[in-house]
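Everything on this sheet refers to the single structure shown next.
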Amino acid sequence: MPKALAILGMAIAVLMLVMFGLDVLVGIPFGQSAGVVTDVGFLIAAALLGYMSWHTLREIL
1298 MPKALAILGM
1308 AIAVLMLVMF
1318 GLDVLVGIPF
1328 GQSAGVVTDV
1338 GFLIAAALLG
1348 YMSWHTLREI
1358 L
């Protein structure tokens, strides 16, 4: 179960990176309605989530 949660965390981090990265670069899917600062904050959060999930998976294996 912990292994699946770590992999799920990495998948969610990648999804967040794609969504908010596209929003910063081209304005899709949110049309920059929330603002660039919010997008950058979510990009940082996604990077941290991805790192923590990867690190946890390495400890489990």
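By the count of the working numbering, the sequence shown reaches residue 1358 at its end, each step adding exactly one.
Backbone N, C-alpha and C fix where the C-beta goes; we use that ideal spot for every residue, glycine too.
Keep in mind it's a predicted model, so treat the numbers as computed, not measured.
GLY1318 sits close to LEU1340, with the two beta carbons spaced by under 8 Å. Within the segment 1309-1344, no run of alpha helix (DSSP H) at least 4 residues long lies entirely inside it.
Non-local beta-carbon contacts of ALA1310 in its own chain, meaning distances under 7 Å to residues more than five positions away in sequence, involve ALA1343, LEU1346, GLY1347, SER1350 in chain order. The three-state reading of DSSP puts MET1298 in coil, since its state is none of H, G, I, E or B.
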